[in-house]
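My numbering puts the first residue of the sequence shown at 3, with every later residue one more than the last. We put the beta carbon where it would ideally sit given N, CA and C, even for glycine. Since this is a predicted model, take the numbers as computed values, not measurements.
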Amino acid sequence: MAKRKVDTENRGFQTRWESEYMFTEVAGKPVCLLYGESVAVMKEYNLRRHHETKHADKDKNMDMEQRLQKVEELKRGLKSRQALFRKAKSQSEAAVKASFFVAGEIAKSARPFTEGDFIKNSVNQSKRAARAKKGKDFIAYSLAVDESTDASDIAQLSIFIRGVDSSLSVTEEFLALRPMHGTTTGHDLYEEVSRCVNEMELPWEKLVGLTTDGAPAMCGHRSGLVARIREKLQEENVTGELTAYHCIIHQESLCGKALKMEHVMSTITRAVNFIRARV
């Protein structure tokens, strides 16, 4: 007698398992909505065992209506995460296809592959013009600036922009990556950011927000990037207030080391992770 194989039994996902065990079907496999874990074999026993061992205490006090609402909420969250990954994958695939298409056209024309650099420059110029055109439609925009050192010990300044137009359509783009040879003082950072803003023909009076890391060259009250941009806005007679944000991770890490609070922070970290794992 041939040995029975579970995968040939064509087991189907039952709708009631969503409310009973907090599972949904993804690509033919049952996936836990709470933990994101999948079960290899679609059997009710496996789903029930996972539910009882992992999260039975989370929904034991819910009535049926509350369970259904919770399931719908978790399914919406799962769909949004899936859409995000699909979008990133499609963008990556489109870039690879475009690269192969250009390489194929260069080969068909018996041209050297150095022509690819010329095409890249042309594409960059076209995208720069498109960003500048879109930037003119912004009613407000904000910048995010970060500076870090690459493997060749050259400081790289990355600049991002997020703007909104009159129809409340939000656009977020990578604006520029500028190498910083020499010093990286607040003045140097300001010169690069100012040059980038002027090249993109972005009006200073529409700049409403600036996000930076927590370095003194960025956040210094007198000579930092934020202070110099505020001075620039005053020179341009901008009446609006610039809202500045900065990262506190580095300061928090340095503070924790200086105060020798590891015994406290480790306890807090474990408590936070314990709570988050059960929410």
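Helix, strand or coil, according to DSSP, for residue 198 in the structure here?
Secondary structure of residue 198 (DSSP, three-state): helix.
For this session: Note down, in chain order, each residue of its chain lying with its Cβ closer than 6 Å to the Cβ of residue 246, except the 5 sequence neighbours on either side.
Result: Within its own chain, the residues whose Cβ lies closer than 6 Å to the Cβ of residue 246, once the five positions on either side in sequence are excluded, are 212, 228, listed in chain order.
Exercise for review: Assign residue 165 to buried or exposed, taking buried as 16 or more other Cβ atoms, counted over all protein chains shown, within 10 Å of its Cβ.
Suggested key: The residue is buried, with at least 16 neighbouring Cβ atoms inside 10 Å.
* Taking the runs of the alpha helix (DSSP H) that are 4 residues or longer, which of them lie wholly in the region 49-85? -> No alpha helix (DSSP H) of 4 residues or more sits fully in the region 49-85.
Which residues share a DSSP beta bridge with residue 34?
-> Residue 34 pairs with 25.
- request: Go ahead and pull the three-state DSSP assignment for residue 101.
  value: Helix.
Verify whether the separation of the beta carbon atoms of residue 188 and residue 146 is less than 8 Å. No; because the gap between Cβ atoms is not below 8 Å, this pair is not in contact.
- Item | Own chain partners of residue 21 with C-beta closer than 7 Å, once the 5 adjacent residues on each side are dropped | Excluding positions up to five away in sequence, the list reads 66, 69, 70, 73.
Point to revise | Buried/exposed call for residue 252, threshold 16 Cβ in 10 Å | key: Residue 252 should be labelled exposed.
request  = Just mark residue 170 as buried or exposed, buried being the case when its beta carbon has 16 or more other beta carbons within 10 Å.
outcome  = Counting Cβ neighbours within 10 Å, residue 170 comes out exposed, since fewer than 16 surround it.
> So, helix, strand or coil for residue 155, using DSSP?
Replying inline: In this structure, residue 155 counts as coil in the three-state DSSP scheme.
Exercise for the section: Under 7 Å Cβ to Cβ from residue 136, same chain only, skipping five residues before and after it: list those, please. Expected result: Cβ neighbours of residue 136 within its own chain (closer than 7 Å, five residues either side excluded): 173.
According to DSSP, simplified to helix, strand and coil, what is residue 250?
Looking at residue 250 - three-state DSSP - the assignment turns out to be coil, as it is neither helix nor strand.
Margin query: In the DSSP assignment, the alpha helix (DSSP H) including residue 174 goes from what residue to what residue?
Written below: Where residue 174 is concerned, there is no enclosing alpha helix (DSSP H), although the beta strand (DSSP E) it sits in stretches over 172-182.
Quiz item: Distance, Cα to Cα, residue 25 vs residue 163?
Solution: Their backbone Cα atoms lie some 39 Å apart in a straight line.
For residue 18, the nearest candidate out of 46, 273, 265, 58 (CA to CA): Ranking 46, 273, 265, 58 by Cα distance to residue 18 puts 46 first.
Fill in: Cβ-Cβ distance between residue 159 and residue 209 below 8 Å
Their beta carbons are not under 8 Å apart, which means residue 159 does not touch residue 209 by this criterion.
Exercise for review: Please state whether DSSP places residue 210 in a helix, a strand or coil.
Suggested key: Three-state result, residue 210: strand.
| message | I believe residue 249 touches residue 216 by the beta-carbon criterion, under 8 Å. Please report the beta-carbon distance rounded to the nearest angstrom. | response | That belief holds up - the Cβ atoms of residue 249 and residue 216 are roughly 5 Å apart, short of 8 Å.
Would you mind sorting residue 257 into buried or exposed? The rule is 16 or more other CB atoms within 10 Å of its CB. Result: exposed.
message: Considering only the alpha carbon of each residue, which of 184, 138, 176, 141 lies closest to residue 156?
response: When each option's Cα is compared against that of residue 156, the closest is 184.
### Query
Around the Cβ of residue 151, are there at least 16 other Cβ atoms within 10 angstroms (buried) or fewer (exposed)?
Counting Cβ neighbours within 10 Å, residue 151 comes out exposed, since fewer than 16 surround it.
### Close Cβ partners of residue 179 (< 8 Å) along its chain, the five nearest in sequence each way excluded
Beyond the five residues adjoining it in sequence on each side, residue 179 comes within less than 8 Å, by CB distance, of 158, 159, 160, 161 in the same chain, given in chain order.
- State buried or exposed for residue 37, treating a residue as buried only when at least 16 other CB atoms are found within 10 Å of its CB. Residue 37 counts as exposed, since fewer than 16 other C-beta atoms from the protein chains shown sit within 10 angstroms of its C-beta.
Close beta carbons around residue 13, own chain, < 6 Å, minus the five adjacent residues each side
44.
In three-state DSSP terms, what is residue 142?
The answer is strand: DSSP assigns residue 142 an E or B state.
Rounded Cβ spacing between residue 139 and residue 167 (contact assumed at less than 8 Å)
At roughly 5 Å, the Cβ-Cβ gap stays under 8 Å, so residue 139 and residue 167 are in contact.
Span of the alpha helix (DSSP H), counted from its first residue to its last, around residue 267: For residue 267, the uninterrupted alpha helix (DSSP H) run begins and ends at 264-278, by DSSP.
| task | Spell out the partners DSSP gives residue 165 in its beta bridges. | result | Paired residues: 143, 173.
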